[in-house]
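Working notes for the structure below.
Numbering (my numbering), first residue to last: 221 to 371.
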């Protein structure tokens with residue numbers, strides 16, 4: 221799979237339908253950064269009329285996961301990836317459009333390079349932050365990824 225916003229959004233429809241049907245969409249991806257957007261809608265709201273925390277979690281995890289997937293593909297190696305820990309902080313009600321961004325592609329690339337060079341599993345923690353249309357932080361997530369070279 222090539223890593224374009226359009227192809228990843230089609231991938232969501234077939235492989236992660238919960239993310240697709242709740243309105244999560246990839247806006248952009250590069251080797252260093254990814255941006256995902258989700259708009260508050262009836263299908264993804266909580267009883268308090270904001271975006272349900274799990275939908276924010278799916279969007280934020282996607283920003284980190286697609287950077288990991290892209291770095292693995294670019295490496296040309298067979299590497300397993302698994303989230304082993306997650307932490308979240310919610311600072312404001314998530315309404316309107318919320319943009320999740322991860323800018324840690326270089327850290328991910330270096331961890332994959334080290335896993336290939338040493339043959340040992342690597343663990344990294346990457347961050348994704350969600351901001352509303354005004355630029356206010358609504359939530360911040362940290363994901364610990366385990367990366368291992370498959371034999």
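Ideal placement from N, C-alpha and C gives every residue a C-beta, glycine not left out.
Please read these numbers as outputs of a predicted model, since none were measured by experiment.
Count the other CB atoms within 10 Å of the CB of residue i; is the residue buried (16 or more) or exposed (fewer)?
i           : result
residue 280 : buried
residue 274 : exposed
residue 365 : buried
residue 302 : exposed
DSSP three-state call for residue i: helix, strand or coil?
i           : result
residue 236 : coil
residue 371 : coil
residue 248 : strand
residue 361 : strand
residue 222 : coil
residue 313 : coil
Could you pull the start and end residues of the alpha helix (DSSP H) that residue i belongs to?
i           : result
residue 345 : Run containing residue 345: none in the alpha helix (DSSP H); it sits in the beta strand (DSSP E), 342-352.
Quickly, what does DSSP pair residue i with across the bridge? List them, please.
i           : result
residue 328 : DSSP output for residue 328 lists no bridge partner at all.
residue 323 : BP columns for residue 323 are empty, so no partner.
In the DSSP assignment, the beta strand (DSSP E) including residue i goes from what residue to what residue?
i           : result
residue 253 : Residue 253 -> no beta strand (DSSP E), and no H or E assigned at all.
What are the start and end residues of each continuous beta strand (DSSP E) run of 3 or more residues lying completely inside the segment 259-307, in chain order?
none
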